[in-house]
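Here is the structure we will look at, set down as structure tokens.
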């Protein structure tokens, strides 16, 4: 198509002049365009970094929420297991049918196995030094011979961990300082 077939569009004459070199001297220097491009690139890089940070934060928040939900369910299962263990102890002390007690013990064992598959371990701190991060002291007891003061002397309720996290602190009695020290 030639210009004879179609009337020249607005701005075509300027383009033709630039092609011929007539208006080339009037073009502004490239520096402002480079500055604008650098500023836009900087904005883009910052936006990209913000997006990556948001994605990481969202993934971390999602993992935290998932872990918290799992831990709530696991704690409930632990409470049910405690109830079963109390029922077993009561049934044994009251002389209940041995087959019935054995059936309840099997259910309790299946719950322990399920918790173990979920990475939950029971913690029995008997004889260990008291640590408030993992133990809840209910009382102090007189120190027994050979037991160091500040050690766990009795476990009232077992504690549970999942990996390095404490799901439930063990409730314990702690050996008191001997009366002669001081």
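Residue numbers (our numbering): 407 to 588.
Cβ atoms here follow ideal geometry from the backbone N, Cα and C, with glycine treated the same way.
- 7 Å or more divides the Cβ of residue 560 from the Cβ of residue 575.
- For residue 532, no beta strand (DSSP E) segment is defined, and its DSSP state is neither H nor E.
- Around the beta carbon of residue 471, fewer than 16 other beta carbons lie within 10 angstroms, which makes this residue exposed.
- One alpha carbon belongs to residue 518, the other to residue 537, and they sit about 25 Å apart.
- For residue 578, no alpha helix (DSSP H) encloses it; the enclosing beta strand (DSSP E) starts and ends at 576–581.
- Boundaries of the alpha helix (DSSP H) harbouring residue 504: 504–523, taken from the DSSP string.
- The beta carbon of residue 554 sits closer than 8 Å to those of 535, 581, all from its chain and outside the five residues before and after it, given in chain order.
- Residue 465 and residue 525 have their C-alpha atoms some 22 Å from each other.
- Less than 7 Å separates the beta-carbon of residue 511 from that of residue 494.
- 7 Å or more divides the Cβ of residue 496 from the Cβ of residue 507.
- The Cβ neighbour count for residue 558, taken over all protein chains shown within 10 Å, is at least 16; the residue is labelled buried.
- Following the DSSP letters along the chain, one finds residue 500 in no beta strand (DSSP E), marked with neither H nor E.
- Shown here for residue 486: same chain residues with a beta carbon closer than 8 Å to its own, the five before and five after excluded, namely 517 in chain order.
- Per DSSP, the unbroken beta strand (DSSP E) holding residue 565 starts and ends at 565–568.
- Take residue 583, set aside five residues on each side of it, and the residues of its chain with a beta-carbon closer than 8 Å to its own are 549, 555, 556, in chain order.
- When only Cα atoms are considered, residue 440 and residue 454 end up about 21 Å apart.
- Residue 478 has its alpha-carbon roughly 28 Å from the corresponding atom of residue 459.
- Looking at the DSSP output, residue 545 sits in a beta bridge with 579.
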